[in-house]
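Asker: One structure coming up, written as structure tokens, with questions to follow.
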Amino acid sequence: ALLLVLLISAHSHEVFADVEPYSCRNGAFPSYQDMKLGFVREGASDRSYFYDDDAGCPSKDTCKQSAYIVPGDEVLVAKTQDGWSCVWYQGEEREFVGWMRSENLGLNLYDDNYRLSDWVGEWRLLGTDTYLKITQAQQAELKVSGEAYWSNGRGLINFGSVDETGIPDGMKLEVKSGNETYDCKVNLRLVQEYLVVYDNKTCGGMNVNFNGVYLKKMR
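Right, dumping it as structure tokens:
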């Protein structure tokens with residue numbers, strides 16, 4: 032059984048120092064180094080609201096969004112500071128990212144020693160055509176292949192791709208291709224059934240990236 036603990040306030044290190052301390056939004060979310068599996072606690076408010084990450088947020092009342100989740104809902108927690116947590120939640124049709132009061136959340140502790148079979152499968156970024164397919168190559172190696180797309184909504188479509196192998200280190204896997212500066216580098220992290228992906232923005236055409244939280248496609 033999973034152990035349940037209250038979310039404690041701590042400052043998480045970020046991948047990029049130029050991300051504002053109050054930043055918590057879709058684009059930057061997968062880049063944070065710390066990533067935990069959380070949930071809305073029973074006994075917390077019936078509605079745990081998301082708060083914006085504009086300057087001065089999330090503590091101001093004007094930062095409060097209309098979107099909320101309820102006790103038992105599962106979230107990913109990327110960072111926690113000053114009594115607030117940056118969380119991701121997958122709704123039925125779209126994802127939600129924003130600040131949430133830490134007192135409303137708990138953490139699920141789990142074994143992060145994954146088997147190769149936990150990685151293997153087709154992973155989809157919901158609401159898009161972007162996907163990653165992970166297969167076992169040989170021995171401890173995994174092959175990561177996939178395509179990402181970006182559209183301006185007016186007929187212009189840019190795409191990118193990755194097709195490389197790597198050896199996972201616990202919950203982390205990195206694949207890269209190109210020359211010494213690595214034309215394309217993709218970082219992947221497993222957090223239970225979620226695959227958190229962040230790349231170096233050079234894996235395809237303009238505005239194309241693999242960034243996001245993926246779910247494994249069920250057969």
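Residues are numbered in my numbering as their position in the sequence shown, beginning at 1, plus a constant of 31.
All residues carry an ideal CB built from backbone N, CA and C; glycine is no exception.
Let me check understanding here. Comparing Cα to Cα, which of N231, D142, T196 and M249 lies closest to G58?
Answerer: Among N231, D142, T196 and M249, the Cα nearest to that of G58 is on N231.
Asker: Distance, Cα to Cα, D85 vs Q167?
Answerer: Cα to Cα, D85 sits roughly 43 Å from Q167.
Asker: Ordered along the chain, which non-local residues of its own chain (more than five positions away) have a Cβ less than 6 Å from that of R78?
Answerer: Closer than 6 Å at the Cβ level, and outside the excluded window around R78, lie Y99.
Asker: Looking only at C-alpha atoms, which of K67, S54, Y245 and M237 sits nearest to L187?
Answerer: It is M237 whose Cα lies nearest to the Cα of L187.
Asker: Using alpha carbons as the reference points, say which of S54, P52, C234 and W115 lies closest to V193.
Answerer: Considering only alpha carbons, the answer is C234.
Asker: Measure the CB-CB distance between G197 and E172 and report whether it falls below 9 Å.
Answerer: Yes; because the gap between Cβ atoms is below 9 Å, this pair is in contact.
Asker: Do W154 and K216 have their C-beta atoms closer together than 9 Å?
Answerer: Result no, Cβ atoms of W154 and K216 do not sit closer than 9 Å.
Asker: List the residues that DSSP assigns as beta-bridge partners of M131.
Answerer: BP columns for M131 point to S116.
Asker: Taking three-plus beta-carbon pairs below 8 Å as touching, is the segment 140–147 in contact with the segment 99–110?
Answerer: With the cut-off at 8 Å, the segment 140–147 and the segment 99–110 do not touch.
Asker: Taking the alpha helix (DSSP H) that S79 belongs to, which residues open and close that run?
Answerer: Segment S79 to Y82 is the beta strand (DSSP E) holding S79; no alpha helix (DSSP H) there.
Asker: Could you give the DSSP three-state label for F60: helix, strand or coil?
Answerer: If DSSP states are grouped into helix, strand and coil, F60 belongs with the helices.
Asker: What first and last residue would you give for the alpha helix (DSSP H) that runs through S148?
Answerer: S148 -> alpha helix (DSSP H) spans L147 to W150.
Asker: Skipping 5 residues on each side, what residues in its chain have a beta carbon closer than 7 Å to that of R56?
Answerer: Cβ within range, chain order: D84 and V128.
Asker: Return the residue from the list W181, W115, F241 and L138 that minimises the CA-CA distance to S54.
Answerer: S54 has its Cα closest to that of W115, out of W181, W115, F241 and L138.
Asker: Check the C-beta distance from N203 over to E195 and give it rounded, since I have them as a contact under 8 Å.
Answerer: Inspection of the sequence shows that residue 203 is occupied by Lys rather than by Asn. At roughly 15 Å, the Cβ-Cβ gap does not stay under 8 Å, so K203 and E195 are not in contact.
Asker: Compare the C-alpha of E134 against each of Y245, N189, Q112 and K91 and name the closest.
Answerer: Minimum Cα distance to E134 is reached at Q112.
Asker: Let me know the beta strand (DSSP E) ranges lying completely inside the segment 66–105, each 3 residues or longer, listed in chain order.
Answerer: Fully enclosed beta strand (DSSP E) runs of 3 or longer: 67–71, 79–82 and 95–100.
Asker: Which residues bound the beta strand (DSSP E) around I198?
Answerer: Careful: I198 lies outside any beta strand (DSSP E) and carries neither H nor E.
Asker: Excluding the 5 residues preceding and the 5 following L156 in the sequence, name in chain order all residues of the same chain whose CB lies nearer than 6 Å to its CB.
Answerer: Closer than 6 Å at Cβ, skipping near neighbours: G243 and Y245.
Asker: Would you mind reading off the limits of the beta strand (DSSP E) that contains K247?
Answerer: Where K247 is concerned, the enclosing beta strand (DSSP E) stretches over G243 to K247.
Asker: So who's on the other strand from K174, going by DSSP bridges?
Answerer: Answer is T166 and T196.
Asker: Report the rounded CA-to-CA distance for W150 versus Y180, giving the unit in angstroms.
Answerer: Near 22 Å, if we compare the C-alpha coordinates of Y180 and W150.
Asker: Count the other CB atoms within 10 Å of the CB of N218; is the residue buried (16 or more) or exposed (fewer)?
Answerer: By the 10 Å Cβ count, N218 comes out buried.
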